[in-house]
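The listed protein sequences correspond, in order, to chains A and B.
Quick note: the first sequence uses our numbering, first residue 193, plus one each step.
Quick note: the second sequence uses our numbering, first residue 3, plus one each step.
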Amino acid sequence: AQSVSQHNHHVILSEAASLELGCNYSYGGTVNLFWYVQYPGQHLQLLLKYFSGDPLVKGIKGFEAEFIKSKFSFNLRKPSVQWSDTAEYFCAVKPYDKVIFGPGTSLSVIP
Amino acid sequence: KAGVTQTPRYLIKTRGQQVTLSCSPISGHRSVSWYQQTPGQGLQFLFEYFSETQRNKGNFPGRFSGRQFSNSRSEMNVSTLELGDSALYLCASIRTGGNGDTGELFFGEGSRLTVL
């Protein structure tokens, strides 16, 4: 079955630390890839997306993600996190039909 | 443009009752997906509608159903509620690109259902 896994359930970082959240998926064909973020008390919103082309994509708020097709991975990165990045992050994959979400990673940034 | 609107935002039901949730997508978006979000399971896909037709369905029992109207508004219904149905139910409006459905989702704030 198609699935999306995220490497960490909960990550705690200090401000200015670098962030990398892992995401792997289990579909071998062409996929569209997404990272969504859910800030406390807010609705899910798109952080960045990859459809085709340059595998390094940049999103809002200084986030970027790299698509590595051979590893079926789409890891999210940010060089220096801020307290306001505290949120839950979801990786999502769209193969040929529905969008499948990973279980989410809760990020807590300590001032 | 207005975002995705879900109603009601909060509701409390008892076991055995049924519930109907409503979703109005972004104007011009013809596809709507529904997800169930719980702390332990993350976002689980319920179903997707396009032009009043169910296009995809997740692995939920038949107690969960949905429909879409000609104006693209969608409803989902859960009958014979169980305690485990307590969750945040999210509706997402789907952005369609030049080559069809890109899968980019625009979420509403959700309807939080508590089953007692």
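For glycine and all other residues, C-beta sits at the position ideal for the given N, C-alpha and C.
For a cutoff of 8 Å on Cβ pairs, would you count residue i as touching chain A?
i                : result
GLY105 (chain B) : yes
THR7 (chain B)   : no
LYS3 (chain B)   : Note that LYS3 (chain B) scores 49 on pLDDT, short of 50, meaning its location in the model is unreliable; the coordinates nonetheless yield the value given after this. Cβ-Cβ to chain A under 8 Å: no for LYS3 (chain B).
GLU111 (chain B) : yes
LEU45 (chain B)  : yes
SER53 (chain B)  : no
SER74 (chain B)  : no
SER33 (chain B)  : no
LEU92 (chain B)  : yes
ASN79 (chain B)  : no
GLU84 (chain B)  : no
If residue i sits next to residue j, beta carbons under 8 Å apart, how far is it from one beta carbon to the other, in whole angstroms?
i                : j                : result
VAL34 (chain B)  : SER81 (chain B)  : 20 Å between Cβ atoms; not a contact.
LEU83 (chain B)  : GLN19 (chain B)  : 5 Å
PHE226 (chain A) : LYS241 (chain A) : 5 Å
ARG119 (chain B) : VAL117 (chain B) : The requested residue 119 (chain B) does not occur in the structure, where chain B is confined to residues 3 to 118.
PHE52 (chain B)  : GLY60 (chain B)  : The Cβ separation is near 15 Å, so there is no contact.
Checking the sheet assignment: what are the DSSP bridge partners for residue i?
i                : result
LYS250 (chain A) : A:GLU256
VAL196 (chain A) : A:TYR217
LEU90 (chain B)  : B:GLN39, B:ARG114
LEU207 (chain A) : Per the sequence shown, residue 207 (chain A) should be read as Glu rather than Leu. Answer is none; GLU207 (chain A) lacks a bridge partner.
LYS270 (chain A) : A:LEU211
LYS241 (chain A) : A:PHE226
ARG66 (chain B)  : One point to set straight first is that residue 66 (chain B) is Phe, not Arg, in the sequence displayed. DSSP output for PHE66 (chain B) lists B:VAL80 as bridge partner(s).
ASN58 (chain B)  : B:GLU50
TYR12 (chain B)  : B:ARG114
ARG97 (chain B)  : B:GLU106
SER265 (chain A) : A:ASN216, A:ILE260
THR7 (chain B)   : B:SER26
THR297 (chain A) : A:TYR281
VAL21 (chain B)  : B:VAL80
HIS235 (chain A) : Note: HIS235 (chain A) sits in no beta bridge, so no partner.
SER33 (chain B)  : B:PHE52, B:ILE96
LEU45 (chain B)  : B:GLN39
LYS286 (chain A) : A:ASN224
HIS202 (chain A) : A:SER298
Indicate whether at least one CB of chain B lies closer than 8 Å to the CB of residue i.
i                : result
LYS290 (chain A) : yes
PHE255 (chain A) : no
GLY221 (chain A) : no
GLY251 (chain A) : no
LEU311 (chain A) : Because chain A is modelled from 193 through 303, residue 311 (chain A) falls outside the range shown and cannot be assessed.
LYS241 (chain A) : yes
HIS235 (chain A) : yes
GLY321 (chain A) : Given that chain A is displayed from residue 193 to residue 303, the structure contains no residue 321 (chain A) and the question cannot be resolved.
LYS261 (chain A) : no
HIS201 (chain A) : no
Does the beta-carbon distance from residue i to residue j come in below 8 Å?
i                : j                : result
PHE243 (chain A) : ASN216 (chain A) : no
LEU115 (chain B) : PHE282 (chain A) : no
GLU77 (chain B)  : SER24 (chain B)  : yes
ILE28 (chain B)  : SER95 (chain B)  : yes
HIS201 (chain A) : THR278 (chain A) : no
LEU299 (chain A) : VAL196 (chain A) : no
TYR228 (chain A) : LEU238 (chain A) : yes
Counting only C-beta atoms, is residue i closer than 8 Å to chain D at any point?
i                : result
LEU238 (chain A) : This model lacks chain D altogether, as its protein chains are A and B.
Next item on the list: Report yes or no: do three or more beta-carbon pairs, one from the stretch 29–46 of chain B and one from the stretch 81–90 of chain B, lie closer than 8 Å?
Entry: yes
Notebook entry, point to check: With a cut-off of 8 Å, do at least 3 Cβ pairs link the stretch 270–287 of chain A to the stretch 64–73 of chain B?
Noted result: no
Note to self: Would the stretch 5–16 of chain B count as touching the stretch 290–298 of chain A if we require 3 or more Cβ pairs under 8 Å?
What the structure shows: no
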